[in-house]
Amino acid sequence: MAQKIKDELSGVETTGHEWDGLRELNNPLPKWWLYIFYVCIAWSLVYYVLYPAWPLGSTYTKGLLGYSQREDVVQKIAEAKAGQKKYLDAIAGKSVDEIQKDKDLLAFAMAGGRSYFNENCAACHGAGGQGGKGFPTLADDVWLWGGSTADIYQTIQHGIRADDGATRGTPGTGMTAFGKDGILNREQIDQVTDYILSLNKKQADPAKVAKGKTVFEENCVACHGDQAQGSVAAGLDGIGAPPLVQSNWLYGGDKANLVETITNGRAGMMPAWAKRLDDATIKSLAVYVHNLGGGK
Amino acid sequence: MTTTAEAPTKVEKRPSRSLYQKHSKVYPKAVHGTFRRIKWIALAIMLGIYYILPWIRWDRGPNAPDQAVLLDLANRRFYLFFVELWPQQIYFLTGALILAALGLFLATSLAGRVWCGFACPQTVWTDLYVWVERLVEGDRSQRIRLDQGKWTPAKLGRKLLKNAIWLLIALATGGAWIFYFTDAPTLLGQMLRFEAPMTAIGFIGLFTATTYLLAGFAREQVCTYMCPWPRFQSAMIDEDSLIVTYEEWRGEGRGPVRKSQSWEERQAAGLGDCIDCYNCVQVCPMGIDIRDGLQMQCIGCGLCVDACDDIMTKIGRPTGLVRFDTQTSQVSVAATGKPTPFRLIRPRTVIYSLLMLVIGGAITVGLILKPGLDISVLRDRAPLYVALSDGSVRNAYTFKIANMTRDPRAYTLTVDGLPGATIALAGDGQEAQASSQRLTADPDMVATYRVFVTAPGGSLKAPSQPLRMVLRSADGETAQYETVFMAPESR
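Chains as they are written, first to last, in the working numbering: chain A, 43 to 338; chain B, 166 to 656.
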């Protein structure tokens, strides 16, 4: 047992522990520190009683104040919702065009639309609407089903070729599979492909192009229009046939992809969101998508 | 080998001057004299400025605050008389801080720690608190006796009264500080109606507590242990700086004055002018003995000079045994009896002054040329670019215009660096492509636009090329922003 030794210089007792001749002074803790420590202990005891503190297996001590962080959050969300109600009501009561013209509503719809978009749309169309093969770019100027606010609103509500009564396009059915269904033979597909390439000023065999033109006029004009301008430009509603003279191709505009498309057809679909999202949300989305840059 | 009883080892006693000193309370004694008067005047000026400044009005026109000095953190604007700063102009604060530091250096190189002794808030409020203390508890000896005595109702009453007045001063201090951050009359009205916002109350509480603790209890410890300035002030002074000095050659050796002894006899006995009355120590708010020489703790307030001069006059000796003087002059006086003239112009004072002129000039020029317009451009990252059906490429940018004037302004946006490029704006259904676009911004607001820049397909030489956006206001002010225009690799 270490004996008590007094340090000569300071007159303070040492702890009796010695390391290489150095002895530790047994100075008391500073009073202010000690009192704060005691206050903290007292505080913690009060806290245990007032607030949820101790886990008890499947439950916990609830505390006298009945405070609950979860309820706090629920209440805060409710408050936030109540704060948004004014705008949401206004959005629900107006057309997408009217929302666009109202500065406050536009800002609100854009902010909301961005998060709704990231939550629901970005998976297919990409964050920012850059699209991908088979998933249209929403920021460009090619719109198979129309790019006006009303068109975009309709598309988000009811989808394309979706299981919804008001959807556009026939569910499960899109462009005819000219090769698979035996309407065109390989040679004709080859010729019409070259014709389309020539329309886009790409390399094509002139002999095939002349024959392909005939094939095109006999088979494709009904949907894509006599100038290959696409169904929207040709004024044909509910078909969704893209313009064939352009540089943005949903499934690729090179020879191989064109042959693949003509042989097997395409039938891109989009779900109807009216089943999952409320009207104000869909309107906000329509505003947001329209403002991505592709809206017409 | 014979065993002899070992003599007990003798422990050599060292002078017990520990590295670690326990805190001993300082009881500054009342003093009268020149420096005390200067300190009162400085205190009145400092407190006057502090309390009056937020109440000065300054007309900035409609929809703008009319408070001369307002640090509007909520709306992120600083108003200082005719200067109005936005967050992105915070570098002026850097300039002001550098200027303040240089001013401190210059003052120190000229006259030691005069800032600490006369103008520092810690000194000003401590001085005020000591004055209250003296008023309630009496002067030094009475206070010491009171503190050593037993707790009696009278003692408790005095202590309570002192602390109550201290708290009131602290409250007035904390309360005045927040007037700098919001409209003062409005806030005072709210405070009087007990409607002040929680933030205001919280900060008043904080500043009240810190004033009370720092000026009431921490006092000289703030200067000695918390403030970094004394640690390197010695680098700012030289032998030509005015400092509080003790004329050791004249004062030593010390000894009490005896009626029976004439000054000649006293000198013959090896005693100097210092009669060891300890008045200089007792009046010192830092609790130091100036006769030990220049010390880190000395704040250069000169109260010891007043105290010593008083005594010297009483005993019929020349004043100035403790005085404001330079070391050069002291050496000269000790050797030849003649002081040297004060050298105002020295390399360091010249350099500090020049630097202050340069920085001050830069700030002035900066304020004069301060633009009323600032733009920032953020390019869309997803998608990096959009290929359009006719082969052209489009990039989208978020375009922000900070209109720092008090008028609504209209601007023309053009782009440089892309031949044939067109600009369109999102929203409002007005997305016409044009070579320039008209944008507007409300006064004192940031307007945000989504800008689309489209370049014809053939015009793009590289996947990424520089693009300069130029915004020109109707009255000719221009702002530019360098960004890039991205395009697919194959184009």
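Don't be surprised by glycine CBs; every beta carbon is placed ideally from N, CA and C.
Please confirm whether residue i and residue j have their CB atoms less than 8 Å apart.
{"i": "B/Gln462", "j": "B/Leu379", "result": "no"}
{"i": "A/Gly108", "j": "A/Ala95", "result": "no"}
{"i": "A/Ile334", "j": "A/Gly171", "result": "A quick correction: the sequence has Leu, not Ile, at residue 334 of chain A. Result yes, Cβ atoms of A/Leu334 and A/Gly171 sit closer than 8 Å."}
{"i": "B/Tyr562", "j": "B/Val616", "result": "yes"}
{"i": "B/Gln630", "j": "B/Gly585", "result": "no"}
{"i": "B/Gly198", "j": "B/Ile524", "result": "no"}
{"i": "B/Ser274", "j": "B/Ile464", "result": "no"}
{"i": "A/Gly294", "j": "A/Lys175", "result": "yes"}
{"i": "B/Gln492", "j": "B/Glu404", "result": "yes"}
{"i": "B/Ala276", "j": "B/Ser406", "result": "yes"}
{"i": "B/Lys204", "j": "B/Asp292", "result": "yes"}
{"i": "B/Val498", "j": "B/Ile455", "result": "no"}
{"i": "B/Leu604", "j": "B/Ala612", "result": "yes"}
{"i": "A/Leu180", "j": "A/Gly336", "result": "yes"}
{"i": "B/Ile343", "j": "B/Ala329", "result": "no"}
For a contact meaning CB atoms closer than 7 Å, what does residue i contact in chain A?
{"i": "B/Ala547", "result": "Gly168, Ala169, Gly170 and Gln172"}
{"i": "B/Ala591", "result": "Asn333 and Gly335"}
For residue i, return the contacting residues in chain A, with the cut-off set at a CB-CB distance below 8 Å.
{"i": "B/Phe617", "result": "Gly335"}
Which bits of chain D does residue i rub up against, with CB to CB less than 8 Å?
{"i": "B/Ser554", "result": "Here chain D cannot be found, since the structure's protein chains are A and B."}
Which one or two residues does DSSP pair with residue i in a beta bridge?
{"i": "B/Ala561", "result": "B/Phe617"}
{"i": "B/Asp237", "result": "B/Arg242"}
{"i": "B/Glu404", "result": "BP columns for B/Glu404 are empty, so no partner."}
{"i": "A/Met312", "result": "A/Ile202"}
{"i": "A/Pro97", "result": "A/Tyr102"}
{"i": "A/Leu64", "result": "A/Trp61"}
{"i": "B/Leu250", "result": "B/Phe243"}
{"i": "B/Tyr646", "result": "B/Met634"}
{"i": "B/Tyr411", "result": "B/Val487"}
{"i": "A/Thr56", "result": "A/Leu67"}
{"i": "A/Lys48", "result": "A/Glu55"}
What separation, rounded to the nearest whole angstrom, lies between the Cα atoms of residue i and residue j?
{"i": "B/Glu654", "j": "A/Asp236", "result": "25 Å"}
{"i": "B/Tyr443", "j": "B/Gly458", "result": "15 Å"}
{"i": "A/Thr218", "j": "A/Gly307", "result": "5 Å"}
{"i": "B/Phe283", "j": "B/Arg202", "result": "11 Å"}
{"i": "B/Thr167", "j": "A/Asp49", "result": "Reliability of the predicted coordinates at B/Thr167 is poor, the pLDDT of 43 falling under 50, and the value obtained from them is presented with this limitation in mind. When rounded, the distance between both Cα atoms is 34 Å."}
{"i": "B/Gly418", "j": "B/Thr484", "result": "17 Å"}
{"i": "A/Ile304", "j": "A/Ala283", "result": "13 Å"}
{"i": "B/Asp490", "j": "B/Arg242", "result": "46 Å"}
{"i": "B/Ser494", "j": "B/Pro193", "result": "30 Å"}
{"i": "A/Trp187", "j": "A/Cys265", "result": "13 Å"}
{"i": "B/Thr169", "j": "A/Thr57", "result": "Confidence in B/Thr169 is poor, its pLDDT being 45 and thus under 50, which makes the residue's placement too unreliable to answer from."}
{"i": "B/Gln386", "j": "A/Trp74", "result": "16 Å"}
{"i": "B/Ser518", "j": "B/Leu271", "result": "7 Å"}
{"i": "B/Arg656", "j": "B/Trp251", "result": "Caution applies to B/Arg656, whose pLDDT of 45 falls short of 50 and renders its modelled position unreliable; the value that the coordinates give is listed next. If I take the Cα positions, the gap works out to 42 Å."}
{"i": "B/Gly481", "j": "B/Ile510", "result": "36 Å"}
{"i": "B/Ile533", "j": "B/Asp607", "result": "23 Å"}
{"i": "B/Val530", "j": "B/Phe257", "result": "11 Å"}
{"i": "B/Gly381", "j": "B/Arg308", "result": "14 Å"}
{"i": "A/Thr103", "j": "A/Val115", "result": "20 Å"}
{"i": "B/Gln645", "j": "B/Leu269", "result": "39 Å"}
{"i": "B/Pro219", "j": "B/Glu249", "result": "16 Å"}
{"i": "A/Ile198", "j": "B/Asn560", "result": "25 Å"}
{"i": "A/Glu55", "j": "B/Ile453", "result": "30 Å"}
{"i": "B/Ala591", "j": "A/Pro285", "result": "24 Å"}
{"i": "A/Asp62", "j": "B/Leu311", "result": "47 Å"}
{"i": "A/Pro97", "j": "B/Gly367", "result": "34 Å"}
Which bits of chain B does residue i rub up against, with CB to CB less than 9 Å?
{"i": "A/Thr179", "result": "Pro548, Val551 and Ala552"}
I want to verify the contact list: residues of chain A whose CB lies under 9 Å from the CB of residue i, in sequence order.
{"i": "B/Ala561", "result": "Gly170, Ala181, Leu334 and Gly335"}
Quick one: complete alpha helix (DSSP H) runs, 4+ long, within the stretch 436-505 of chain B? The stretch 436-505 of chain B contains these whole alpha helix (DSSP H) runs: 444-448, 468-479 and 492-501.
Which complete beta strand (DSSP E) runs does the stretch 565-640 of chain B hold, if anything under 3 residues is left out? 574-581, 587-590, 601-606, 610-620 and 629-638
Within the stretch 528-554 of chain B, ranges of the beta strand (DSSP E) (whole runs, at least 3 residues): 538-544
In chain order, each alpha helix (DSSP H) run of at least 4 residues that lies wholly inside the stretch 300-352 of chain B: 305-313 and 318-343
Ignoring anything shorter than 4 residues or poking outside the stretch 195-256 of chain A, list the alpha helix (DSSP H) runs there in chain order. Entirely contained in the stretch 195-256 of chain A, the alpha helix (DSSP H) runs reaching 4 residues are, in chain order, 228-241.
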